[in-house]
Amino acid sequence: MKIKNYITLICLIVSITSCVDKYWPNVDKYEKLLVVDGLLTNGDNPVVVKLSLTSSINDIELIPLVGAEVYITDENQLETSLTETESGTYLVLDSSFSGHVGISYQLHVNLPDGRNYISDTCRLLPPSPIDSVYGLPESFNIENENKDLHGIQFYIDFHNDLPDKYYQLWKLTQTFKYQATFEIDYTWEGAFFPFPKPDSLKTCWRSSKINEIYVFSNKYLDGNKITRFPLVYVSTKAKDLSIRYSLLNSCRFQKMLLIF
Numbered sequence: 013m014k015i016k017n018y019i020t021l022i023c024l025i026v027s028i029t030s031c032v033d034k035y036w037p038n039v040d041k042y043e044k045l046l047v048v049d050g051l052l053t054n055g056d057n058p059v060v061v062k063l064s065l066t067s068s069i070n071d072i073e074l075i076p077l078v079g080a081e082v083y084i085t086d087e088n089q090l091e092t093s094l095t096e097t098e099s100g101t102y103l104v105l106d107s108s109f110s111g112h113v114g115i116s117y118q119l120h121v122n123l124p125d126g127r128n129y130i131s132d133t134c135r136l137l138p139p140s141p142i143d144s145v146y147g148l149p150e151s152f153n154i155e156n157e158n159k160d161l162h163g164i165q166f167y168i169d170f171h172n173d174l175p176d177k178y179y180q181l182w183k184l185t186q187t188f189k190y191q192a193t194f195e196i197d198y199t200w201e202g203a204f205f206p207f208p209k210p211d212s213l214k215t216c217w218r219s220s221k222i223n224e225i226y227v228f229s230n231k232y233l234d235g236n237k238i239t240r241f242p243l244v245y246v247s248t249k250a251k252d253l254s255i256r257y258s259l260l261n262s263c264r265f266q267k268m269l270l271i272f
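Structure below.
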């Protein structure tokens, strides 16, 4: 007999800034609980679901869960399978597959030991229109170093006319132009040879994903317009702002659909 469990989609953000007394939870015993990490959107990014098991806090390790059956169904009973491409990582191989606004989806995970998990049904809502993304010079005092940190704080203004209470998710990618500290004078090809144009590689470009996740909920908000919602803060300690800087709002979707 198969036991069906249900994955409840919960988005919990806790921000703790005070440090009074250290608290050490009683975690001598733990269970190898299932962790499901995935995201389905209406963008063209591939759909990836990662399955793993929790580990002891005293011996943290990644324990991928292999050999599971993973698939997605929609409200029309269309089923899309995910293939395990590496240990614990399951991918939709059909590059044409993506979520569609207005359609409801569910994730199904069947484990090798016979346990089955099914997510809540979630409807994909349309993205919120972005009115503006901008940066303002701001400084913060660093207490331990007794000095100020200077940089640019980026904000986003957006609105949404939907009557629903919703969540908003942003994932950011940054690109910046900077000058290398040193020129290339020599190259190594079994021996050192003078580099003919030492200043030709002095100008560099770099792109990277920003690891922070920015989430907003209008659950307790009246009205549909949000201004000056803070995104990433970029300080002048590094070279990011030295010449040119670009911030790409690479993923913005409403209702945080199927964040398992």
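Going by our numbering, the first residue of the sequence shown is number 13, and it counts up by one from there. Don't be surprised by glycine CBs; every beta carbon is placed ideally from N, CA and C.
Contact under 8 Å by Cβ, residue i with residue j
i    : j    : result
V113 : V59  : no
G147 : S247 : no
A80  : P124 : yes
T92  : Y83  : yes
V48  : V121 : yes
I168 : V145 : yes
P1   : E195 : Residue 1 lies beyond the residue range present for the chain, which begins at 13 and ends at 272; the question has no answer from this structure.
S110 : G55  : yes
Simplified DSSP assignment, three categories, for residue i
i    : result
Y35  : coil
G147 : strand
L260 : strand
P206 : strand
L105 : coil
F194 : coil
Y249 : Here residue 249 turns out to be Lys, not Tyr, going by the sequence shown. Reduced to three states, the DSSP call for K249 is coil.
P76  : strand
H120 : strand
Rounded distance between the beta-carbons of residue j and residue i, thought under 8 Å
i    : j    : result
P76  : L94  : That belief does not hold up - the Cβ atoms of P76 and L94 are roughly 14 Å apart, past 8 Å.
R256 : K189 : 4 Å
Q165 : Y245 : 5 Å
Cβ neighbour criterion (16 or more within 10 Å) applied to residue i
i    : result
C216 : exposed
T53  : buried
S258 : exposed
L233 : exposed
D197 : exposed
H204 : Reading off the sequence shown, one finds Phe at residue 204, where the question assumed His. With fewer than 16 Cβ atoms within 10 Å of its Cβ, F204 is classed as exposed.
Along the chain, which unbroken stretches of the beta strand (DSSP E) at least 3 residues long are found entirely within the stretch 215-246?
215-221, 226-229
Segments of 3+ residues assigned as beta strand (DSSP E) that fall wholly inside the stretch 124-184
127-131, 142-154, 159-171
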